[in-house]
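Undergrad: Just so we're aligned, residue 1 is where the sequence shown starts under our numbering, counting upward by one. By construction, the Cβ of each residue, glycine as well, lies at the ideal position given by its N, Cα and C atoms.
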Amino acid sequence: MISTSDLREKEIINIIDGRRLGFVSDIEVNLEKGRIEALIVPGPGRFLSFFGKNNDYIITWNEIKKIGIDIILVELKSEIITQEKEEEKN
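#1: How is the beta strand (DSSP E) around Arg19 delimited, first residue to last?
#2: Classify Val29: buried if its beta carbon has 16 or more other beta carbons within 10 angstroms, exposed otherwise.
#3: What's the gap between the Cα of Phe47 and the Cα of Glu32?
#4: Below 7 Å CB to CB, which residues in the same chain sit around Leu73 once its five sequence neighbours on both sides are set aside?
#5: Answer yes or no: do Pro91 and Ser25 have a C-beta to C-beta separation smaller than 8 Å?
#6: Thr4: which of Ile40, Asn55, Glu63 sits nearest, CA to CA?
#7: Whose C-beta lies closer than 7 Å to the C-beta of Ile2 among residues of the same chain, with five residues either side of it excluded?
#8: Over what stretch of residues does the alpha helix (DSSP H) that includes Asp6 continue unbroken?
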C-alpha cells in the first residue's frame, strides 16, 4: 500500500514524450468510493505552489501506468488537462 505522502515525493513523467511534469502537489479523492481519482501537479510557471492553481495538471488515475520507487509514469496521449480547462467545460 502507498500513502499520499509517498506519492508527493515521486516525480511524474509522461511516457509518451518523456516530459517531466513535476511532483504531486494535491490529490483528488472520491470519499464515497474511498479511492484516488486524480493527481494534481503544479503547471509550468508556478513557483512553490504560488500564483494560483488555474494551470495545474490533472492526471486521472486511469492515466497512471506505473508507480515506481522514485517516479510515477503516466500516459498523456494528447493535450494535458489543466484545472483552467476543466473550469471552461463547466
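TA: So, from the listed chains and residues:
#1: Start at 1 with the first residue of the sequence shown, and residue 19 comes out as number 19. Per DSSP, Arg19 belongs to no beta strand (DSSP E) and is neither H nor E.
#2: The residue given as residue 29 occupies position 29 in the sequence shown. Its Cβ having fewer than 16 others within 10 Å, Val29 is exposed.
#3: Position 47 of the sequence shown, counting from 1, holds the residue named residue 47. Position 32 of the sequence shown, counting from 1, holds the residue named residue 32. Here the model assigns Phe47 a pLDDT of 49, short of 50, so the residue's position is not dependable, and the following value carries that caveat. Using only the alpha carbons, I get a separation of about 33 Å.
#4: As a working mapping, residue 73 is identified with position 73 in the sequence shown. Cβ within range, chain order: Ile13, Ile15, Lys65, Lys66.
#5: Because residue 91 is not part of the residues shown, which for the chain are 1 to 90, the question remains open.
#6: Counted from its first residue, the sequence shown places residue 4 at position 4. Measuring from the Cα of Thr4, the nearest candidate turns out to be Ile40.
#7: Residue 2 sits at position 2 when you count from the first residue of the sequence shown. Result list for Ile2: Ile67, in chain order.
#8: Locating residue 6 in the sequence shown gives position 6, where the first residue counts as 1. It spans 4-8 - the alpha helix (DSSP H) in which Asp6 sits, taken as one unbroken run.
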